[in-house]
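Heads up: take any position in the sequence shown, counting from 1, add 7, and you land on the working numbering.
Think of the CB as a built atom: it goes at the ideal place given N, C-alpha and C, for glycine as much as any other residue.
None of the values given here were measured: they were computed from a predicted structure.
Okay, structure first, notes after.
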Amino acid sequence: MLLVTKIFFKVNWIMSMKKRIIIFGATGSVGMTVLEEIACYKEHFEIVGISCHSNIECAEVIVRNFSVQALAVTNSQIVVPQNICEKIFRGINGLVTMVESLEFDAIVVAIAGVGGLRSVLRGIERKKVIILANKEILVMAGELVMNLAKAKGVMILPLDSEHNAIFQCIRGDNRFIRRLWLTASGGKFWNQDRQAIENATIAEVLQHPKWSMGKKITVDSSTMANKGLEIIEAMHLFGVEPAQIEVAIHPACMVHSLVEFCDGSFLAQLSPVSMKYAARYCLFYPERIDVQEQSLDIFQLNELQFFRPDFEKFPCLRLAMEVARSKQSKRIAYNAANEIAVELFLKEKIALQAIPKIIEDVLLKVENRDYSTVEEILAVDQMVRSKARQLAKRFNI
Ligand code: NDP
Ligand code: MG
């Protein structure tokens, strides 16, 4: 009886402690969703640090509303008001210092691009839970990140909705996976002709039919490079071969992905089109919060349709499949060339259809090999970026 009482009090004590969270990219689309969830369940969480890149006004509001003590501003050009909060960290290395100097339980990685790699590795070394929305870091350095996480016994919780769905289906046990079925909205153009892609304007591309997200990922969604990156992300997160990953266009975006098991059963995760369900799952993992609301009406789910993707119309998807079967240099190149091409498209320097052409050109110029250190990986990333800028010139409009 004494033991039972002791255990009861211990569990209650653990449940009543707040999880201390750092949010990288708090001012972005995913960051905001995580903040909205935390605002609903303030008694469970304490935000100990956040980062923004340039949007200091938004960061200031978050710091005030959530009584945050530490802020990292990764863009060194930005002027930061002195008294904005107790601790201020500057530049991309400021993220590493933040991870080293704060006491916390988990980092939500919701920054765009690959700049957070070193700080994520530092977080893993400190044995902190990593709640990972960012996919570029895994595409670039998946082996390094996952091997370190395994060695340190650290949990990487996927916040990207498809991978979160798969994680919810397998809950850490990848032994019986036959195939992973990544669902895709298909983006703006999946059922339109090639002409529509050729003539696509920035405004059209940024109008995603289902999801409201940051600009980079919205462009990636229209070229299906996003799904390409997610194939590689899934490979690393779940330890599966590229041949075990399939993509299915699912315009309703209700089924966030499926797992096909070796005994013929399928499991899928469903929820409305919002990142809040994935965020909620990660924040409360391994528990689930009782929200007392009906999120889906299953009687409205009459049209759960799935379509085969067109690899010729969306070369970014075909290239990603090839890259997934290649070595790390090709994956770094795919990601870096895509980032540069998207940036040029958003500056109206190139057309949407030039994006896969630039990626393909860059891939041809990169040798096929693996790397073991962060320094090598970051050096190749930089080299590929300058190559992509050069090669992109011939697509200038
Ligand atoms: P946003 O563009 O909306 O936000 C990006 C965040 O990162 C902002 O806080 C921004 O700061 C910060 N940031 C921008 N550039 C840099 C940089 N160079 N270094 C450090 N921080 C930077 O992006 P999303 O929220 O859409 O996406 C974030 C990540 O999550 C991406 O990797 C994306 O692929 C992934 N993801 C996004 C989903 C979504 O629904 N949006 C879904 C699944 C995954 P500031 O605001 O100050 O510029
Ligand atoms: Mg996704």
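Using 9 Å as the threshold, is the C-beta distance between Glu374 and Ser336 below it? yes
I need the straight-line Cα distance from Phe196 to Ile95, nearest angstrom please. Cα to Cα, the separation comes out at about 43 Å.
| query | Between the beta-carbon of Val266 and the beta-carbon of Leu187, is there less than 9 Å? | reply | yes
- Taking Ala83 as part of the beta strand (DSSP E), name the residues at either end of that continuous run. According to the sequence shown, residue 83 is Ser rather than Ala. First-last for Ser83: undefined, no H or E at that position.
Open item on the list: Quick test of your reading: Val369 and Ile339, contact by CB under 8 Å. State the CB separation rounded to the nearest angstrom.
Closed with: Rounded, the Cβ-Cβ distance is 10 Å, inconsistent with contact.
- Residue from Cys323, Glu110, Val87 whose Cα sits closest to the Cα of Ile28: The shortest C-alpha to C-alpha distance from Ile28 to any of Cys323, Glu110, Val87 is the one to Glu110.
Short of 8 Å in beta carbon distance, which residues of its chain neighbour Cys269, apart from the five on each side in sequence? Order them along the chain. Phe183, Ile184, Arg185
Which class does Trp20 belong to by DSSP, given the choice of helix, strand or coil? With a pLDDT of only 47 at Trp20, under 50, the local geometry of the prediction cannot be trusted, and no value is derived from it.
**Other residues of its chain near Val87: CB distance less than 7 Å, five sequence neighbours each side excluded** = Only Ile63, Val80, Ile95 meet the Cβ criterion.
Report task. Please go through the segment 71-130 and give each complete beta strand (DSSP E) segment of 3 or more residues, from N-terminal end onward. Result -> 77-80, 94-97, 113-116
Separation of Ala33 from Ser74, as counted between CA atoms: So the two alpha carbons sit approximately 14 Å from each other.
Point to revise | beta strand (DSSP E) runs contained entirely in the segment 225-311, provided each spans 3 or more residues | key: 252-256, 262-268, 273-277
Practice prompt. Using beta-carbon positions only, say whether Ala343 and Ala395 come within less than 9 Å of one another.
Written response: yes
* If we count Cβ pairs, one from each stretch, closer than 8 Å, do we get three or more for the segment 340-360 versus the segment 244-255? -> They do not touch, by the three-pair rule.
What does a CB cutoff of less than 6 Å around Phe52 pick up in its chain, not counting 5 residues either side in sequence? Lys25, Lys26, Ile28, Ile45
Taking a cut-off of 6 Å, which residues have a beta-carbon closer than that to any heavy atom of ligand 2, in chain order?
Asp167, Ser168, Glu169, Glu237
Original post:
Going by Cα to Cα distance, which pick from Val391, Ala361, Thr380 is closest to Lys372?
Top reply: Val391
Considering only the alpha carbon of each residue, which of Cys65, Leu78, Leu274 lies closest to Val55? Leu78
Return the chain-ordered ranges of every alpha helix (DSSP H) run that is complete within the segment 334-378 and spans a minimum of 4 residues. 335-353, 361-371
- Item | Three-way DSSP call (helix, strand, coil) for Phe174 in this model | helix
- Query: Cβ atoms of Ala119 and Val41: under 9 Å apart, would you say?
  - Reply: Val41 places its beta carbon 9 Å or farther from that of Ala119.
TODO: Just mark Ile137 as buried or exposed, buried being the case when its beta carbon has 16 or more other beta carbons within 10 Å.
DONE: buried
Status (buried if at least 16 other CB within 10 Å, exposed otherwise) for Arg401 = exposed
Considering only the beta carbon of each residue, do Leu324 and Ile366 sit closer than 9 Å?
Taking 9 Å as the Cβ cut-off, Leu324 and Ile366 do not qualify as a contacting pair.
By the three-class DSSP mapping on this structure, what secondary structure does Arg392 have? helix
Report task. Report buried or exposed for Glu211, applying the criterion of at least 16 other Cβ atoms within 10 angstroms of its Cβ. Result -> exposed
### Message
How far does the beta strand (DSSP E) with Ser58 in it extend, from its first residue to its last?
### Response
52-59
Exercise. Does ligand 1 have a heavy atom nearer than 8 Å to the CB of Ala113?
Worked result: Checking every heavy atom of ligand 1 against the Cβ of Ala113, none is found closer than 8 Å.
Hey, would you say the C-beta of Ile99 is under 8 Å away from at least one heavy atom of ligand 1? Yes, ligand 1 has a heavy atom inside 8 Å of this Cβ.
TODO: Quick one: residues in its chain with C-beta nearer than 7 Å to the C-beta of Gln360, no 5 flanking neighbours on either side, listed in chain order?
DONE: Contacts found: Ile204, Glu205.
Q.
Is Val37 a contact residue of ligand 1, with contact defined as CB to any heavy atom under 8 Å?
A. For ligand 1, a non-hydrogen atom lies closer than 8 Å to the CB of Val37.
Count the other C-beta atoms from every protein chain shown that fall within 10 angstroms of the C-beta of Glu169, then say buried if there are 16 or more, exposed otherwise. Buried, since its Cβ has 16 or more Cβ neighbours within 10 Å.
Q.
Quick check: is any heavy atom of ligand 1 less than 8 Å from the C-beta of Thr230?
A. no
Original post:
Grouping DSSP H, G and I as helix and E and B as strand, with all else coil, what is Ile404?
Top reply: coil
Practice prompt. Look at the Cβ atom of Ser229, then the Cβ atom of Ala207, and state whether they are nearer than 9 Å.
Written response: yes
Item to complete: May I ask you to check if the CB of His51 is nearer than 8 Å to at least one heavy atom of ligand 1?
Response: It does not: the Cβ of His51 is nowhere closer than 8 Å to a heavy atom of ligand 1.
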